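Enquirer:
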Amino acid sequence: MDQVTMTILMLVICFALMYFLTIRPQKKKDEELRQMMEALEVGDSVLTTSGFYGVVVDKVDETTIIVEFGNDKHCRIPMEKSAIQAMEKANGSSDDE
1 MDQVTMTILM
11 LVICFALMYF
21 LTIRPQKKKD
31 EELRQMMEAL
41 EVGDSVLTTS
51 GFYGVVVDKV
61 DETTIIVEFG
71 NDKHCRIPME
81 KSAIQAMEKA
91 NGSSDDE
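For the sequence shown, the positions run 1 to 97 when the UniProt record's numbering is used.
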């Protein structure tokens, strides 16, 4: 094989390796996160990306939920679903990231 063919072959191998080591796992993680967001329901316990634990009390729209924080049940904050890092279903099963 000549030098050009060898260089092209090495580039193809590098791109394939990069795809399987970085891009593919990230797409899988994004898909799992999307499925978790779709499964989010009222009553589920959640962990936010800020480190706060709360309970979903209402769904505003497709991207926004209202989460109740604390024991006094008076701290309700609307937040984006994308700010949820992990959740535990009301029945006890968990969908950690």
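Backbone N, C-alpha and C fix where the C-beta goes; we use that ideal spot for every residue, glycine too.
As the structure is a prediction and not an experimental result, all values here were calculated from the model.
Spell out the partners DSSP gives TYR53 in its beta bridges.
Expert: Bridge partners of TYR53: LEU47.
Enquirer: What's the call for GLY51, buried or exposed, on a 16-neighbour Cβ count within 10 Å?
Expert: Flag for GLY51 reads exposed.
Enquirer: Touching or not, the stretch 30-43 and the stretch 52-59, by the rule of three or more beta carbon pairs under 8 Å?
Expert: Touching, yes.
Enquirer: By how many angstroms is the C-alpha of LEU11 removed from the C-alpha of THR5?
Expert: Each residue's Cα considered, the two are about 10 Å apart.
Enquirer: Rounded to the nearest angstrom, what separates MET79 and ARG34 at their Cα positions?
Expert: If you take the alpha carbons of MET79 and ARG34, they lie about 16 Å apart.
Enquirer: Please report the straight-line C-alpha distance between ALA83 and THR48, rounded to a whole angstrom.
Expert: Straight-line Cα distance between these residues: approximately 6 Å.
Enquirer: Given that a residue counts as buried once 16 or more other Cβ atoms are within 10 Å of its Cβ, and exposed if not, what is MET18?
Expert: Exposed.
Enquirer: Under three-state DSSP, which class holds ASP30?
Expert: Helix.
Enquirer: Under a three-way DSSP split, which group does VAL67 fall into?
Expert: Strand at VAL67.
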